[in-house]
Amino acid sequence: MKLIIISGLSGSGKTVALHTLEDEGFYCVDNFPLGLLNDFTDHINNQQIQIYQEVAVGIDARSGANDLKRFNQIIKAIKNKKIEVEVIYFQAEINELIKRFSDTRRRHPLTRKGIPLAEAIDIERNLLLPISQDADLCLDTTHTNVHQLRAIVKDRVVSRKNQELSILFQSFGFKHNTPTDSDFVFDVRCLPNPHWEPALRQLTGQDPEVQEFFRSQDDVADMFNHIRNFMEYWIPKFAEQSRYYLTVSIGCTGGQHRSVYITEQLNHYFRDKFTNVSLRHREME
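Numbering (this note's numbering), first residue to last: 6 to 290.
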């Protein structure tokens, strides 16, 4: 049996993730009380019914501080029953969360009279700290829409084969903020920038003309080789620790040229060495 726990800040995409997993055949339960999770897994594990072989539950801050503080203990008890458990935690920047609540006109589950939305989000973040600290995968959805989030869940969670490590190489632009869900961040802003070449400015690191520009630069080749060698050494170390997910982010100024090119090259190289490798260009979506 496989159990995926979906948690995170309200408005960050938990419901979208659960609906995506349900569409992919998971038995899903939202707003599940954490204190009942151990008994719940006993019940469905004893049923020996095919529909219960892949289960996803949504757990939020309404489970209460006492049970949330025991999260690690509860998960260990479930894993001791030979159940495969993954914890996926969703988050987003506070300004984006406030905007989403304003757009949807929905109330935050922890808001009550006299407490502003920003404070409710902060309370929720602190309550969920035991889950975020134990998460196998943290996803920052600040720059992600519903359709992109569905694709990410399918690509990284549903498509992950067996218990192998899922690796994501993603490009981004520092001027749009650093992805907070990264395990490794590499800054390639020191490389020659095609933005200052008029013929290349409107192109991206996926275009042949830009790629040819980079192939002529020794510093670009050196940067790629150093990152490749570093990750080639450390990825197996993460896999040995039974890690499910690894996110490697490559950043330049705008996320269009240098980071895109290096990320493309890393993805191409490591796809031949590992089964579950994904590619994302955050600023090009």
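For every residue, glycine included, the Cβ atom is placed at its ideal position computed from N, Cα and C. Remember, predicted model here, so these are calculated numbers, not experimental data.
Span separating the alpha-carbon of residue i from that of residue j
{"i": "Cys143", "j": "Gln168", "result": "17 Å"}
{"i": "Phe31", "j": "Lys86", "result": "20 Å"}
{"i": "Asn50", "j": "Val90", "result": "13 Å"}
{"i": "Ile99", "j": "Arg112", "result": "15 Å"}
{"i": "Val193", "j": "His152", "result": "29 Å"}
{"i": "His286", "j": "Val265", "result": "7 Å"}
{"i": "Ile93", "j": "Gly256", "result": "24 Å"}
{"i": "Met289", "j": "Ala97", "result": "19 Å"}
{"i": "Asn150", "j": "Ala123", "result": "21 Å"}
{"i": "Leu39", "j": "Leu23", "result": "16 Å"}
{"i": "Ser247", "j": "Lys81", "result": "14 Å"}
{"i": "His181", "j": "Val190", "result": "14 Å"}
{"i": "Asp145", "j": "Asp186", "result": "6 Å"}
{"i": "Thr46", "j": "Gln53", "result": "12 Å"}
{"i": "Val21", "j": "Leu42", "result": "21 Å"}
{"i": "Gly63", "j": "Ile126", "result": "18 Å"}
{"i": "Lys278", "j": "Phe218", "result": "27 Å"}
{"i": "Ile157", "j": "Gly259", "result": "22 Å"}
{"i": "Ile114", "j": "Gly18", "result": "Before going on, a small fix: residue 114 reads as Pro here, not Ile. Distance between the alpha carbons of Pro114 and Gly18: 14 Å."}
{"i": "Ser3", "j": "Arg206", "result": "The structure shown does not extend to residue 3, since the chain is modelled only from 6 through 290, so no value can be given for it."}
{"i": "Phe275", "j": "His231", "result": "14 Å"}
{"i": "Pro295", "j": "Pro184", "result": "Any property of residue 295 remains undetermined from this structure, which presents the chain solely from 6 to 290."}
{"i": "Glu29", "j": "Phe95", "result": "19 Å"}
{"i": "Asp223", "j": "Thr268", "result": "17 Å"}
{"i": "Asp332", "j": "Asp44", "result": "No information on residue 332 is available, as it lies outside the stretch 6 to 290 that the chain covers here."}
{"i": "Ile120", "j": "Tyr238", "result": "49 Å"}
{"i": "Pro213", "j": "Arg117", "result": "55 Å"}
DSSP bridge partner residues for residue i (one or two, in chain order)
{"i": "Glu237", "result": "None, per the DSSP bridge assignment."}
{"i": "Asn281", "result": "Ser171"}
{"i": "His286", "result": "Ser176"}
{"i": "Gly256", "result": "Phe177 and Asp192"}
{"i": "Ser68", "result": "Its beta-bridge partners do not exist; DSSP assigns none."}
{"i": "Gln96", "result": "Asp145"}
{"i": "Glu89", "result": "Lys7"}
{"i": "Glu59", "result": "Lys7"}
CB-CB length for residue i against residue j, believed under 8 Å
{"i": "Lys7", "j": "Gln58", "result": "7 Å"}
{"i": "Thr109", "j": "Gln175", "result": "Their Cβ separation, rounded to whole angstroms, is 27 Å, which puts Thr109 and Gln175 out of contact at 8 Å."}
{"i": "Gln270", "j": "Phe235", "result": "Not a contact, Cβ separation roughly 14 Å."}
{"i": "Lys159", "j": "Thr25", "result": "6 Å"}
{"i": "Leu173", "j": "Arg161", "result": "6 Å"}
{"i": "Leu196", "j": "Arg263", "result": "5 Å"}
{"i": "Arg105", "j": "Gly210", "result": "At roughly 30 Å, the Cβ-Cβ gap does not stay under 8 Å, so Arg105 and Gly210 are not in contact."}
{"i": "Leu134", "j": "Phe243", "result": "With 8 Å as the limit, Leu134 and Phe243 do not qualify as a contact, their Cβ atoms being about 23 Å apart."}
{"i": "Ser254", "j": "Phe177", "result": "6 Å"}
{"i": "Ala61", "j": "Ile103", "result": "Going by Cβ atoms, the distance from Ala61 to Ile103 rounds to 27 Å, so no, they are not a contact pair."}
{"i": "Asn129", "j": "Leu14", "result": "Correcting the residue identity first, residue 129 is Glu in this sequence and not Asn. Indeed they touch by this definition, with Cβ atoms about 6 Å apart."}
{"i": "Val215", "j": "Pro241", "result": "Actually they are not in contact, since the Cβ atoms of Val215 and Pro241 sit about 32 Å apart, beyond 8 Å."}
Any non-hydrogen atom of the ligand COA within 8 Å of residue i CB
{"i": "Glu124", "result": "The ligand content of the structure shown is nil, which means the ligand COA is not present either."}
Residue from the options whose Cα sits closest to the Cα of residue i
{"i": "Asn36", "options": "Asp65, Asn43 and Asn272", "result": "Asp65"}
{"i": "Asn77", "options": "Glu129, Ile136 and His48", "result": "Ile136"}
{"i": "Gln261", "options": "Glu101, Asp188 and Leu208", "result": "Leu208"}
{"i": "His148", "options": "Thr268, Phe179 and Arg220", "result": "Phe179"}
{"i": "Val282", "options": "Thr258, Tyr250 and Ala61", "result": "Tyr250"}
{"i": "Ala70", "options": "Val34, Leu132, Pro199 and Arg117", "result": "Leu132"}
{"i": "Lys74", "options": "His200, Asp188 and Gln138", "result": "Gln138"}
{"i": "Asp141", "options": "Pro213, Ser12 and Ala226", "result": "Ser12"}
Subject >> Continuous alpha helix (DSSP H) assignments of at least 4 residues falling wholly in the segment 136-160 >> reply: 151-158
Original post:
Could you give the uninterrupted runs of the beta strand (DSSP E) lying entirely in the segment 163-210, keeping only those of 3 residues or more?
Top reply: 171-178 and 189-192
**OP:** Run through the segment 8-43 for me and flag every whole beta strand (DSSP E) of 3 or more residues, listed as ranges in chain order.
**Re:** 32-34
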